[in-house]
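Every number in this note's numbering is 2 more than the matching position in the sequence shown, counting from 1.
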Amino acid sequence: MNTLCRFCKNKALSLLFAPNKNGDGGKRIADYACTNCAFGIHGPIVRCSNCQIIYVDEELTQEQVSTYYEVANDPLYFAEQGARRLTFQKYLKKLRSFFPKKGKLLDIGTNTGLFVRISLDNGWEATGLEPNKWGTEYAKKNYGITLVNKPFEKGTFKKKSFDVATMWDVIEHFTDPISEMENVFEIIRPGGVFAFSTIDPDSFLAKAMDTRWSWYMEMHKVFFNKASATYYLKKSGFKKVVFTSHWRNLSLGYLATRLEAINPTLSKFASKLISMLQLSKVIIPYYANDLYNCYAFK
3 MNTLCRFCKN KALSLLFAPN KNGDGGKRIA DYACTNCAFG IHGPIVRCSN CQIIYVDEEL
63 TQEQVSTYYE VANDPLYFAE QGARRLTFQK YLKKLRSFFP KKGKLLDIGT NTGLFVRISL
123 DNGWEATGLE PNKWGTEYAK KNYGITLVNK PFEKGTFKKK SFDVATMWDV IEHFTDPISE
183 MENVFEIIRP GGVFAFSTID PDSFLAKAMD TRWSWYMEMH KVFFNKASAT YYLKKSGFKK
243 VVFTSHWRNL SLGYLATRLE AINPTLSKFA SKLISMLQLS KVIIPYYAND LYNCYAFK
């Protein structure tokens with residue numbers, strides 16, 4: 003195991019959880035679909051006592067990861083657009099409380115482009131970036147928008163060209179999210195906002211489930227608690243960081259599939275019962291204890 007932190011370069015790493023995955027080493031494309039159920043399957047997870055960051059200690063470049071995301075098909079994500087629409091409307095409303103004037107917005111890792119569509123409909127000049135070909139095709143066919151179909155890299159956009167940048171459930175997928183924070187800082191204007199949601203490894207649920215925490219999975223590479231998020235955002239140049247609780251909307255049918263992380267038998271039973279009662283498409287608000295929203299100000 004490495005003892006030197008990949009990010010802060012201090013000799014302060016300790017093993018948090020030993021690897022528990024088998025087989026092909028996580029090279030299955032299906033493991034990189036956003037709604038996959040490979041919960042609690044992970045490589046060696048380490049924690050830095052200096053900067054508090056937690057990450058999977060494996061040699062895997064962002065270029066390699068991006069090739070999986072470019073071709074992964076995720077029909078379950080596409081089917082959940084109604085619930086996600088309500089969630090994204092909440093995100094946009096909260097964003098307006100931090101950035102009242104509407105301007106140029108970039109949604110990074112936008113998937114189907116739904117947040118871009120909602121932003122456009124609410125008067126923003128919105129652009130979406132998505133490396134996945136299925137997502138970009140869905141966006142064009144269903145929402146009438148053309149997404150930038152490539153990974154988020156330095157130089158993709160001009161410096162100071164956006165007022166707001168967003169990453170909803172995206173930052174934990176990068177092998178080097180610190181570089182991505184720096185890239186975001188460069189492309190937003192002074193006074194702009196970087197808004198994102200991510201999973202919290204120091205939450206009650208994460209600690210209670212230990213190595214079985216559902217979000218320790220192959221597609222998640224780096225885990226920011228609030229301390230490490232604040233540290234690296236400010237190191238990237240952001241002046242102020244604000245955290246808020248994370249609420250989202252889920253259909254009952256989709257929620258039943260997520261129960262597999264806790265109990266596969268319960269998940270199957272709930273799915274059958276909800277389907278039998280014809281409640282699969284009923285949408286409910288859901289408070290996620292192990293996620294948070296973050297707003298960083300330039």
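We treat Cβ as the ideally placed atom computed from N, Cα and C, and that holds for glycine. Remember, it's a predicted structure, so these values are computed and weren't measured experimentally.
Proximal residues to residue i (C-beta, below 7 Å), its chain only, five neighbours per side dropped
i, result
"lysine 161", "Glu188 and Ile189"
"serine 269", "Ala258, Thr259, Leu261 and Glu262"
"asparagine 52", "Cys7, Cys10, Asn12 and Ala14"
"alanine 366", "Outside the shown range of the chain (3 to 300) lies residue 366, about which nothing can therefore be said."
"glutamine 83", "Thr114 and Leu116"
"threonine 89", "Arg250 and Asn251"
Paired residues, beta bridge with residue i - DSSP
i, result
"leucine 281", "DSSP lists no partner for leucine 281."
"cysteine 296", "Phe198 and Phe245"
"valine 58", "Ile47"
"glutamate 139", "Looking at the DSSP assignment, glutamate 139 forms no beta bridge with any residue, so it has no partner."
"proline 287", "Asn251"
Under 8 Å between C-beta atoms of residue i and residue j
i, j, result
"leucine 18", "asparagine 4", "no"
"valine 150", "threonine 168", "no"
"threonine 158", "glutamate 174", "no"
"glycine 255", "lysine 274", "no"
"glutamate 220", "isoleucine 43", "yes"
"proline 192", "lysine 300", "yes"
"isoleucine 196", "alanine 298", "The displayed chain sequence assigns phenylalanine, not isoleucine, to residue 196. Yes, they are a contact pair."
"aspartate 109", "tryptophan 217", "no"
"lysine 223", "threonine 267", "no"
Sequence-distant residues of its chain with Cβ nearer than 6 Å to residue i (five each side left out)
i, result
"lysine 106", "Glu127, Phe164 and Asp165"
"phenylalanine 245", "Lys228, Tyr294 and Cys296"
"glycine 28", "For glycine 28, the predicted structure reports a pLDDT of 49, less than 50, and the residue's modelled location is therefore unreliable. The matter cannot be settled from this model."
"lysine 156", "Asn185"
"proline 252", "The sequence as given places leucine at residue 252; proline does not occur at that position. Answer for leucine 252: Ala85 and Tyr288, listed in chain order."
"lysine 104", "Gly125 and Trp126"
Contacting residues, own chain, Cβ-Cβ under 8 Å from residue i (five flanking each side not counted)
i, result
"aspartate 26", "Summary for aspartate 26: the model assigns pLDDT 45, below 50, so the residue's position carries little reliability, and this model does not support an answer."
Item to complete: At 4 residues or longer, and completely inside the stretch 159-223: list those alpha helix (DSSP H) runs for me, N to C.
Response: 179-189 and 206-211
Practice prompt. Answer yes if the stretch 123-143 comes into contact with the stretch 280-288, meaning at least three C-beta pairs across the two stretches below 8 Å, and no otherwise.
Written response: no
Worksheet item: Counting pairs of beta carbons, one from the stretch 135-150 and one from the stretch 193-207, are three or more of them closer than 8 Å?
Response: no
Discussion item. Under 8 Å, with one C-beta from each stretch per pair, do the stretch 270-280 and the stretch 230-242 reach the 3-pair mark?
Written reply: no
Worksheet item: What runs of the alpha helix (DSSP H), each 4 residues or longer, lie entirely inside the stretch 81-143?
Response: 83-100, 116-123 and 135-140
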